[in-house]
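Since the structure comes first, as structure tokens, the remarks are kept for the end.
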Amino acid sequence: MRIAIGSDHAGFHLKETVKARLAEQGIETIDVGTTGEASVDYPDYAAAVAGKVTSGTVDRGILVCGTGIGMAIAANKVHGIRAALATDLESARLSRTHNDANVLTLGARITPPGLALDIVQLFVDTAFAGGRHQRRIDKISALESGSAPSKQNAE
Ligand code: RB5
25 MRIAIGSDHA GFHLKETVKA RLAEQGIETI DVGTTGEASV DYPDYAAAVA
75 GKVTSGTVDR GILVCGTGIG MAIAANKVHG IRAALATDLE SARLSRTHND
125 ANVLTLGARI TPPGLALDIV QLFVDTAFAG GRHQRRIDKI SALESGSAPS
175 KQNAE
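Every letter in the sequence shown is one number past the one before it in my numbering, and letter 110, counting from 1, is 134.
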């Protein structure tokens with residue numbers, strides 16, 4: 025698996041921690057920045073990671089800002105991105121099994137580094153469950169394309 029990773033200044037240190045852990049596991053990362061604590065604008069990094077995911081350059085993306093919220097909002101503006109903010113383990117697991125999230129966002133001011141690493145582990149290790157969840161992903165894709173999904177097949 026190959027992962028693109030990016031952060032703003034608030035997420036910089038946690039990004040470095042996550043990157044080091046992924047490297048220990050032999051997971052290749054592409055770091056789009058930022059490279060330090062100087063103030064930057066998180067949408068720039070969300071766009072860079074999202075682009076690498078949608079182009080197929082990487083399998084998934086990870087974005088870190090202060091809360092994880094701005095990164096999620098920005099990344100989800102990109103066609104084909106399903107970015108999930110996770111602040112707990114169950115949300116991280118379900119973001120993959122139910123939502124097939126292709127980008128994880130983390131809040132460095134919210135989530136302690138140890139928990140963040142466990143969240144990343146679940147995001148990396150957990151497969152999409154498919155089935156009825158695929159139908160829902162297809163409806164999200166239809167929304168992106170400007171067509172209203174049909175309301176049917178409730179399970
Ligand atoms: C930067 O101060 C902060 O606004 C940013 O890291 C993030 O939390 C936005 O959602």
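Backbone N, C-alpha and C fix where the C-beta goes; we use that ideal spot for every residue, glycine too.
- Name the DSSP bridge partner or partners of G85? The residue labelled residue 85 in the question sits at position 61 within the sequence shown. Answer is A28 and V127, bridged to G85.
- Taking the C-alpha atoms as reference points, what is the distance between A110 and I143? As a first step, residue 110 is located in the sequence shown; it is residue number 86 there, counting from the start. As a first step, residue 143 is located in the sequence shown; it is residue number 119 there, counting from the start. Roughly 7 Å between the two C-alpha positions.
- Item | Residue from F36, E52 and H33 with nearest C-alpha to V148 | Here residue 148 refers to the residue found at position 124 when the sequence shown is read from its first residue. Nearest of F36, E52 and H33 to V148, Cα basis: E52.
- Query: Per the contact definition of three or more C-beta pairs closer than 8 Å, is the region 38 to 49 in contact with the region 78 to 94?
  - Reply: yes
- Since D83 and I27 are thought to touch, with beta carbons under 8 Å apart, how far apart are those beta carbons, to the nearest angstrom? Counting from 1 along the sequence shown, the entry for residue 83 is found at position 59. Counting from 1 along the sequence shown, the entry for residue 27 is found at position 3. About 7 Å separates the beta carbons of D83 and I27, which is inside the 8 Å limit, making them a contact pair.
- So does D68 have its beta carbon nearer than 7 Å to some heavy atom of the ligand RB5? Here residue 68 corresponds to residue number 44 of the sequence shown, with the count starting at 1. Flag unset: Cβ of D68 not near the ligand RB5.
- Task: Check whether the Cβ atoms of V42 and L146 sit closer than 8 Å, and answer yes or no.
- Result: As a working mapping, residue 42 is identified with position 18 in the sequence shown. As a working mapping, residue 146 is identified with position 122 in the sequence shown. The answer is no: Cβ separation not under 8 Å.
- Query: Quick one: does the C-beta of I29 sit closer than 7 Å to a heavy atom of the ligand RB5?
  - Reply: Numbered from 1 along the sequence shown, position 5 holds the residue referred to as residue 29. I29 Cβ: outside cutoff for every heavy atom of the ligand RB5.
- Message: I'd like the list of long-range same chain contacts for V77, defined as Cβ closer than 7 Å, with 5 residues on each side in sequence excluded.
- Response: If you number the sequence shown from 1, residue 77 lands on position 53. Within the same chain, V77 has close Cβ partners A28, R84, G85, I105, N126 and V127.
- What is the rounded straight-line gap between the Cα of A34 and the Cα of T121? The count along the sequence shown starts at 1 and reaches residue 34 at position 10. The count along the sequence shown starts at 1 and reaches residue 121 at position 97. Between A34 and T121, the C-alpha separation is close to 29 Å.
- Item | Sequence-distant residues of the same chain with beta carbon closer than 7 Å to P67, five excluded per side | As a first step, residue 67 is located in the sequence shown; it is residue number 43 there, counting from the start. Cβ neighbours of P67 beyond the five flanking positions: A98.
- So who's on the other strand from D55, going by DSSP bridges? Residue numbering aside, residue 55 sits at position 31 when the sequence shown is read from its first letter. Bridge partners of D55 according to DSSP: I29.
- Item | Residue interval of the alpha helix (DSSP H) (run including A140) | Your numbering for residue 140 matches position 116 in the sequence shown. Residues P137 to D149.
- When you compare only the Cα positions, how much space is there between R117 and I164? Taking the first residue of the sequence shown as position 1, residue 117 is located at position 93. Taking the first residue of the sequence shown as position 1, residue 164 is located at position 140. Between R117 and I164, the C-alpha separation is close to 19 Å.
- Query: Can you find a heavy atom of the ligand RB5 that lies under 7 Å from the Cβ of G90?
  - Reply: The residue given as residue 90 occupies position 66 in the sequence shown. It does: the Cβ of G90 is within 7 Å (strictly closer) of some heavy atom of the ligand RB5.
- Since G92 and I134 are thought to touch, with beta carbons under 8 Å apart, how far apart are those beta carbons, to the nearest angstrom? As a first step, residue 92 must be located in the sequence shown, where it is residue number 68. As a first step, residue 134 must be located in the sequence shown, where it is residue number 110. Sure, about 7 Å apart at Cβ, within 8 Å.
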